[in-house]
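Read through the structure below, which is laid out as structure tokens, and then see the notes.
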Amino acid sequence: MSTTPHSTSSVPQHPALAPGDELVHTTPDDPRAKPVLDDLVREYDERYRDLFPGSAADEVYRYPVEHFSAPEGTFLLLLRDGEAISAGAFMRLDPSTIELKRIWTRSDHRGEGLARVIVAELEAEAARRGAERIVLSTGPRQPEAVRLYLRLGYTPQFDVDADPATVGIHCFEKAVTA
Numbered sequence: 021m022s023t024t025p026h027s028t029s030s031v032p033q034h035p036a037l038a039p040g041d042e043l044v045h046t047t048p049d050d051p052r053a054k055p056v057l058d059d060l061v062r063e064y065d066e067r068y069r070d071l072f073p074g075s076a077a078d079e080v081y082r083y084p085v086e087h088f089s090a091p092e093g094t095f096l097l098l099l100r101d102g103e104a105i106s107a108g109a110f111m112r113l114d115p116s117t118i119e120l121k122r123i124w125t126r127s128d129h130r131g132e133g134l135a136r137v138i139v140a141e142l143e144a145e146a147a148r149r150g151a152e153r154i155v156l157s158t159g160p161r162q163p164e165a166v167r168l169y170l171r172l173g174y175t176p177q178f179d180v181d182a183d184p185a186t187v188g189i190h191c192f193e194k195a196v197t198a
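Position in the sequence shown counted from 1, then plus 20, gives you our numbering.
As structure tokens, this is what we get:
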């Protein structure tokens, strides 16, 4: 599997980006992704250890790398000074639908708007690849993710006024715009 990245430029003027920040489409096995994925596993374990069977690593790595590789998917890194500080991915579910996965920002960079940059670039890449619909899910113990997706125009497929614990997995969808 090639991990030769290509830089993207569809969101270069986003105010959350610092000078020199780089958005790179690559694959999950890119060595630069490991610290972000390790942080994701650690936090999933902390939040969900008592709720879901198995380890967070089982969930984070359950899909083959090919699912998040071109032409059917992508894995996006936001690099600052060459170091991954935020990431996200998508995989194709059917000819018109992609699913966003692994939207994550390192804990020391939260609140900077980086997840919005990641989602915006993933949405733009989905449009470039002809997707018509985006779906995603997040867990009941990630209220910050729920707020993010609502702010970004995703339609909840659950009762937003219900107790998150009774909702379980929180699913969203959004039409792709060109």
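All C-beta atoms, glycine included, are put in the ideal place defined by N, C-alpha and C.
Treat the numbers as computed from the prediction; the structure is a model and nothing was measured.
Exercise. Taking Cβ to Cβ, would you say VAL137 is nearer than 7 Å to ALA36?
Worked result: Mapped onto the sequence shown, residue 137 falls at position 117. Mapped onto the sequence shown, residue 36 falls at position 16. Yes, the pair counts as a contact, with Cβ atoms nearer than the cut-off.
Problem set entry | Opposing strand residues paired with THR125 [DSSP bridges] | Against the sequence shown, residue 125 aligns to sequence position 105. Beta-bridge partners of THR125 (DSSP): SER106.
For this session: State the start and end residues of the unbroken alpha helix (DSSP H) segment that holds ALA77.
Result: Stepping through the sequence shown from its first residue, residue 77 is reached at position 57. It spans 76 to 80 - the alpha helix (DSSP H) in which ALA77 sits, taken as one unbroken run.
Exercise. In its own chain, which residues sit with a C-beta less than 6 Å from the C-beta of GLU145, not counting the 5 before and 5 after it?
Worked result: As a position in the sequence shown, residue 145 is number 125, starting the count at 1. Non-local beta-carbon contacts of GLU145 in its own chain, meaning distances under 6 Å to residues more than five positions away in sequence, involve THR94 in chain order.
For this session: Please name the residue or residues paired with PRO176 in a DSSP beta bridge.
Result: Within the sequence shown, the letter at position 156 stands for residue 176. Per DSSP, the beta bridge partners of PRO176 are PHE192.
For this session: Pull up the DSSP beta-bridge partners for PHE95, would you.
Result: Numbered from 1 along the sequence shown, position 75 holds the residue referred to as residue 95. BP columns for PHE95 point to THR46 and ALA109.
Problem set entry | Inter-residue Cα distance where the pair is ASP50 and THR117 | As a position in the sequence shown, residue 50 is number 30, starting the count at 1. As a position in the sequence shown, residue 117 is number 97, starting the count at 1. Roughly 25 Å separates the two Cα atoms.
Problem set entry | Nearest candidate by alpha-carbon position, reference GLU42, set ARG62, LEU57 and LEU134 | Sequence index remark: in the sequence shown, residue 42 carries index 22 (1-based). Ranking ARG62, LEU57 and LEU134 by CA distance to the CA of GLU42 puts LEU134 first.
Problem set entry | Buried or exposed (CB count within 10 angstroms, at least 16 for buried), ARG167 | Numbered from 1 along the sequence shown, position 147 holds the residue referred to as residue 167. In this structure ARG167 is exposed. Its beta-carbon is surrounded by fewer than 16 other beta-carbon atoms within 10 angstroms.
Problem set entry | Beta-carbon proximity list for TYR83, same chain, < 8 Å, skipping 5 on both sides | Here residue 83 refers to the residue found at position 63 of the sequence shown. Excluding positions up to five away in sequence, the list reads MET111 and LYS121.
Exercise. How many angstroms separate the CA atom of ILE189 from the CA atom of ASP183?
Worked result: In the sequence shown, counting from the first residue as 1, residue 189 sits at position 169. In the sequence shown, counting from the first residue as 1, residue 183 sits at position 163. Between ILE189 and ASP183, the C-alpha separation is close to 12 Å.
Exercise. Quick one, which of GLU143, GLY74, LYS194 and GLU103 has its alpha-carbon nearest THR125's?
Worked result: Within the sequence shown, residue 125 is the residue found at index 105, counting from 1. When GLU143, GLY74, LYS194 and GLU103 are compared, the shortest CA-CA separation from THR125 is found for GLU103.
Exercise. Roughly how far, in whole angstroms, is the beta-carbon of TYR64 from the beta-carbon of GLU79, given that I think they are within contact range, below 8 Å?
Worked result: Along the sequence shown, one-based indexing puts residue 64 at 44. Along the sequence shown, one-based indexing puts residue 79 at 59. The Cβ separation is near 7 Å, so the contact holds.
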